[in-house]
Amino acid sequence: MSAILSIRNLTVRFGGLCALNDFSMDVAKGAIHALIGPNGAGKSTVFNCISRFCDPAEGSIEFEGSSVLKRPSHDVIRIGIGRTFQNLELLAGMTVLENVLVGLSRRIPNYLPFGPSPRRSRTEAQAVRDAEDILDQTGLRPYRDHLAGELDFGRQKLLDLARALAGDPQLLLLDEPAAGLRNREISFVDSLLLDLVRKRGVTIILVEHVMQLVMSVADRITVLNFGQKIAEGSPNDIRSDSRVIEAYLGRPSHA
Amino acid sequence: MYGELHWRTFAGIAILLALGVLLPLVLPEYFLYLGNTLMMYAILALGLDLLLGWSGQFAFAHIAFFGIGIYTSALLQIRLGVPFIVGVPIAAMFAGVVGLLIAIPATRLRTVYLALATYAFAECAQWVFRTWDSVTKGSDGLRISPPDIFGYVVGTDRRAFPVMAIILALVLLSLLYLTRSRLGRDLCAIRDSEHVASASGVDVKRTKMVAFVLSAVFAGLAGGTFTLFQSFINPDSVGLAQLILVLTMVVVGGSGSIAGVLVGVLLIGLLPEILRAAPRGLLVWQEFAYGLILVLATMFMPRGLWGVAKTFFARTPKSAPTAAKARQPTS
Numbered sequence: 367m368s369a370i371l372s373i374r375n376l377t378v379r380f381g382g383l384c385a386l387n388d389f390s391m392d393v394a395k396g397a398i399h400a401l402i403g404p405n406g407a408g409k410s411t412v413f414n415c416i417s418r419f420c421d422p423a424e425g426s427i428e429f430e431g432s433s434v435l436k437r438p439s440h441d442v443i444r445i446g447i448g449r450t451f452q453n454l455e456l457l458a459g460m461t462v463l464e465n466v467l468v469g470l471s472r473r474i475p476n477y478l479p480f481g482p483s484p485r486r487s488r489t490e491a492q493a494v495r496d497a498e499d500i501l502d503q504t505g506l507r508p509y510r511d512h513l514a515g516e517l518d519f520g521r522q523k524l525l526d527l528a529r530a531l532a533g534d535p536q537l538l539l540l541d542e543p544a545a546g547l548r549n550r551e552i553s554f555v556d557s558l559l560l561d562l563v564r565k566r567g568v569t570i571i572l573v574e575h576v577m578q579l580v581m582s583v584a585d586r587i588t589v590l591n592f593g594q595k596i597a598e599g600s601p602n603d604i605r606s607d608s609r610v611i612e613a614y615l616g617r618p619s620h621a
Numbered sequence: 010m011y012g013e014l015h016w017r018t019f020a021g022i023a024i025l026l027a028l029g030v031l032l033p034l035v036l037p038e039y040f041l042y043l044g045n046t047l048m049m050y051a052i053l054a055l056g057l058d059l060l061l062g063w064s065g066q067f068a069f070a071h072i073a074f075f076g077i078g079i080y081t082s083a084l085l086q087i088r089l090g091v092p093f094i095v096g097v098p099i100a101a102m103f104a105g106v107v108g109l110l111i112a113i114p115a116t117r118l119r120t121v122y123l124a125l126a127t128y129a130f131a132e133c134a135q136w137v138f139r140t141w142d143s144v145t146k147g148s149d150g151l152r153i154s155p156p157d158i159f160g161y162v163v164g165t166d167r168r169a170f171p172v173m174a175i176i177l178a179l180v181l182l183s184l185l186y187l188t189r190s191r192l193g194r195d196l197c198a199i200r201d202s203e204h205v206a207s208a209s210g211v212d213v214k215r216t217k218m219v220a221f222v223l224s225a226v227f228a229g230l231a232g233g234t235f236t237l238f239q240s241f242i243n244p245d246s247v248g249l250a251q252l253i254l255v256l257t258m259v260v261v262g263g264s265g266s267i268a269g270v271l272v273g274v275l276l277i278g279l280l281p282e283i284l285r286a287a288p289r290g291l292l293v294w295q296e297f298a299y300g301l302i303l304v305l306a307t308m309f310m311p312r313g314l315w316g317v318a319k320t321f322f323a324r325t326p327k328s329a330p331t332a333a334k335a336r337q338p339t340s
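Taken in order, these protein sequences are the chains called A and B. Counted the way the working numbering counts, the first sequence spans residues 367 to 621. Counted the way the working numbering counts, the second sequence spans residues 10 to 340.
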């Protein structure tokens, strides 16, 4: 399979701290590629570079052959890269439906004129229907008109995912979608992700600490530690890699 | 916000227009003056809320755009004889252009820095109004002649009232559509999280600029309506006191909500009248009352009176979410 995203020699420095050092990674089309590592290893920094929230000192990121680094952050979803956020960055003051509608922005023509028109009514009505479909898929439909900030933790995580899905991304960056979820919720996310990949052909990069999820869904795993790539391979390779065990999973008796 | 406008909204606007025509037949001149003032403040406050409540930008240049609106429409009329109906849109556009110039640096600033920089601009504008004697007549102020709209001479509050009602109705309609469009949602998204907005495809900087410009246009329009029922303008009308007054209206009523802002305008606008009815000694406490209300409102009802009312009424019928009930006609 060909690479949909290739990161080459990415280096990010925050002041004196080197958050990422000469990091390269290829993500195969249609794969679930997990990116794991201890806290502060640079996983979110990789995401922030792809989303253009953060400028690398060196390196390149190519998505389907075109440079991502040349684009402003609001363009990243337009070329087909969506993302979720680690720390529940939601549109807390907006309803669940409105959150998904914002996610659909890509498909709604730009603002002006904002007056009444038949075309506007049609696109808005269509957008609401699309948003409701996504709420159905993620099981959030009953909470359609609730404020996002009032949902429980697990549903806020799901809503973040639903909003990202609304942008119809080819590549989805998921930043700890299962963190803090209960087992039942994790298996729901698990099946949702597998569905996305199998039915819609979405490619996923998954940053996650919940090994249960990583090991069950990932096709390939890249391990980061202190901004350096220390291992890459299939879940089985990673499970038995001594450097990974040492850096991340702990001693064999704990793993 | 999303979906089509509810018929009740249109009914509300029809009532506003009807009152605009009927009230001048019955009310004494003073009450109509009060009504005109409130309607002008409503346009001003709604424009400020677009930035403050909808987009979460703590920008305080608003009163300057109001001043630009007043002086531009007054001067166009006095110096060039431009009729009201042409002069006011030009004034609003001009305020919008200045708003765009302010937006360029302002969209790079956040929080307290944005607040200070925009407030500094408001002070500068007031200084210009005060010192540019040859044009604004400085502190002496300008006398505004009564506008003439297609032969309808607005010389009194009674005759200004229906015109104000029409302008306010147009402002409300355009705001209702605006907040229900993608733009309205983009503004809220920026308020809640610039990262999420940006990752969802919202051009944060451009959307903020649009918000600044629209907000300035509304302020300029409010300034234009000032010339409709006031016969005199001096720089004291566009200072810190007015800014605080409008801010209080927005915050107390409920920022980020059109209805909330209208409640705030009514309440805070009528406060001096209520205090006036109270024993004479109380009037001196007016400024103190504004301050106290602002402090209490921010402490105990961050979403304003309207927010309190909404949660109070929402609690009873909407305890369990039902998909059927939540579904609203959208086409």
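Even glycine gets a Cβ: it sits at the ideal position worked out from N, Cα and C.
If you compare alpha carbons, which of the options is closest to residue i?
i: Ile-604/A; options: Phe-592/A, Asp-499/A and Ser-582/A; result: Ser-582/A
i: Val-97/B; options: Leu-110/B, Phe-322/B and Ala-231/B; result: Ala-231/B
i: Glu-430/A; options: Val-573/A, Glu-612/A and Thr-569/A; result: Thr-569/A
i: Ser-246/B; options: Gly-76/B, Leu-32/B and Leu-223/B; result: Gly-76/B
i: Leu-513/A; options: Ala-532/A, Asn-465/A, Leu-540/A and Pro-535/A; result: Asn-465/A
i: Val-555/A; options: Leu-376/A, Pro-535/A, Val-580/A and Ser-372/A; result: Val-580/A
i: His-15/B; options: Leu-185/B, Trp-141/B and Pro-33/B; result: Leu-185/B
i: Asp-166/B; options: Phe-297/B, Tyr-42/B and Val-255/B; result: Tyr-42/B
i: Val-317/B; options: Leu-31/B, Arg-191/B and Gly-263/B; result: Gly-263/B
i: Gly-469/A; options: Glu-455/A, Ile-427/A and Ala-497/A; result: Ala-497/A
i: Ala-369/A; options: Arg-548/A, Ile-500/A, Ser-432/A and Val-610/A; result: Ser-432/A
i: Ile-443/A; options: Arg-473/A, Ser-483/A and Ser-410/A; result: Arg-473/A
i: Ser-64/B; options: Gly-459/A, Phe-380/A, Glu-490/A and Glu-598/A; result: Gly-459/A
i: Phe-138/B; options: Phe-74/B, Met-308/B and Gly-300/B; result: Phe-74/B
i: Ala-220/B; options: Asn-243/B, Arg-194/B and Leu-237/B; result: Arg-194/B
Per DSSP, what kind of secondary structure is residue i in: helix, strand or coil?
i: Leu-506/A; result: coil
i: Ile-363/A; result: Nothing can be reported for residue 363/A: it is not among the residues displayed for chain A, which extend from 367 to 621.
i: Lys-409/A; result: helix
i: Thr-545/A; result: This sequence places Ala at residue 545/A; Thr is not what is there. The answer is coil: DSSP assigns Ala-545/A none of H, G, I, E or B.
i: Met-391/A; result: strand
i: Asn-591/A; result: strand
i: Phe-159/B; result: coil
i: Cys-420/A; result: coil
i: Glu-455/A; result: coil
i: Ala-528/A; result: helix
i: Glu-598/A; result: strand
i: Ile-277/B; result: helix
i: Glu-646/A; result: With chain A covering only 367 through 621, there is no way to say anything about residue 646/A.
i: His-625/A; result: No statement about residue 625/A is possible, as the shown extent of chain A runs from 367 to 621 and does not include it.
i: Ala-400/A; result: strand
i: Gly-448/A; result: strand
i: Ser-143/B; result: helix
i: Arg-316/A; result: No answer is possible for residue 316/A: the residues shown for chain A start at 367 and end at 621.
i: Val-168/B; result: Before going further, note that residue 168/B is Arg rather than Val in the sequence given. It is helical.
Might you give, ordered along the chain, the residues of its own chain that have their beta carbon closer than 7 angstroms to the beta carbon of residue i, omitting 5 neighbours on each side?
i: Leu-123/B; result: Gln-66, Phe-67, Ala-68 and Ala-115
i: Pro-155/B; result: Val-162, Val-163 and Gly-164
i: Ala-306/B; result: Val-260, Val-261 and Gly-313
i: Phe-451/A; result: Asp-526 and Asp-541
i: Val-120/B; result: A small fix is needed here, since residue 120/B is Thr in this sequence, not Val. If we look at Thr-120/B and ignore the five residues flanking it on each side, its Cβ neighbours are Phe-67.
i: Arg-336/B; result: Per-residue confidence for Arg-336/B stands at a pLDDT of 39, beneath the threshold of 50, marking its modelled position as unreliable; the derived number appears in the next sentence. Here the set comprises nothing.
i: Thr-234/B; result: Met-49, Ile-52, Met-173 and Ile-176
i: Pro-330/B; result: The pLDDT assigned to Pro-330/B is 41, lower than 50, so where the model puts this residue is not dependable; a value taken from the coordinates is nonetheless given after this. Around Pro-330/B: no qualifying Cβ.
Considering only residues of the same chain and omitting the five flanking positions on each side of residue i, which have a CB-CB separation below 8 angstroms?
i: Glu-612/A; result: none
i: Phe-241/B; result: Gly-150, Leu-151, Arg-152 and Ile-153
i: Ser-209/B; result: Ala-198
i: Leu-531/A; result: Gly-448, Gly-469, Ile-500, Gln-503, Thr-504, Leu-538 and Leu-562
i: Ser-379/A; result: Looking at the sequence shown, residue 379/A is not Ser but Arg. So the list reads Ala-385 and Ala-423, once near-sequence residues are dropped.
Less than 6 angstroms between C-beta atoms, sequence neighbours within five positions excluded: which residues of the same chain meet that for residue i?
i: Leu-109/B; result: Val-222
i: His-399/A; result: Val-393, Ile-571 and Arg-586
i: Thr-81/B; result: Ala-100 and Phe-103
i: Phe-389/A; result: Leu-376 and Lys-595
Checklist entry - Using a Cβ cut-off of 8 angstroms, which residues of the region 52-66 of chain B contact any Cβ in chain A, in chain order? => result Against chain A - using a Cβ distance shorter than 8 angstroms - the region 52-66 of chain B contributes no residues.
Next on the checklist: Which complete alpha helix (DSSP H) runs does the region 183-258 of chain B hold, if anything under 4 residues is left out?
Outcome noted: Within the region 183-258 of chain B, the complete alpha helix (DSSP H) segments of 4 residues or longer fall at 191-201, 203-208 and 213-238, listed in chain order.
Item to check | Length at least 4, wholly inside the region 13-89 of chain B: the alpha helix (DSSP H) runs in chain order | outcome: As far as the region 13-89 of chain B is concerned, its whole alpha helix (DSSP H) runs of at least 4 residues are 16-35, 38-58 and 71-89.
Next on the checklist: Using a Cβ-Cβ cutoff of 9 angstroms, what residues of the region 571-582 of chain A are near chain B? List them in chain order.
Outcome noted: Those residues of the region 571-582 of chain A that come within reach of chain B (Cβ to Cβ, closer than 9 angstroms) do not exist; the list is empty.
Item to check | Contact list for the region 10-23 of chain B against chain A, Cβ threshold 9 angstroms | outcome: Cβ contacts with chain A come from Met-10, Tyr-11, Gly-12, Glu-13 and Leu-14.
Checklist entry - In chain order, what residues of the region 451-467 of chain A put their CB closer than 8 angstroms to some CB of chain B? => result Sequence-ordered contacts of the region 451-467 of chain A with chain B read Phe-451, Glu-455, Leu-456, Leu-457, Ala-458, Gly-459, Met-460, Leu-463, Glu-464 and Leu-467 [C-beta pairs closer than 8 angstroms].
Item to check | Residues, ordered as in the chain, of the region 213-239 of chain B that lie near chain A by beta-carbon distance below 9 angstroms | outcome: Listed in chain order, the positions of the region 213-239 of chain B with a beta carbon within less than 9 angstroms of a beta carbon of chain A are Val-213, Lys-214, Arg-215, Thr-216 and Val-219.
Item to check | Residues in the region 481-492 of chain A having any Cβ partner in chain B nearer than 8 angstroms | outcome: Residues passing the 8 angstroms Cβ filter: Gly-481, Pro-482, Arg-486, Ser-487, Arg-488, Glu-490 and Ala-491.
Next on the checklist: Closer than 9 angstroms between beta carbons: that is the criterion. Which residues of the region 434-446 of chain A meet it against chain B?
Outcome noted: With the criterion set as a beta carbon lying under 9 angstroms from some beta carbon of chain B, the members of the region 434-446 of chain A are Pro-438, Ser-439, His-440, Asp-441, Val-442, Ile-443 and Arg-444, in sequence order.
Checklist entry - Taking any Cβ of chain B, which residues in the region 413-425 of chain A have a Cβ under 7 angstroms from it, in chain order? => result Taking 7 angstroms as the Cβ-Cβ cut-off against chain B, the residues of the region 413-425 of chain A that qualify are Ser-417 and Phe-419.
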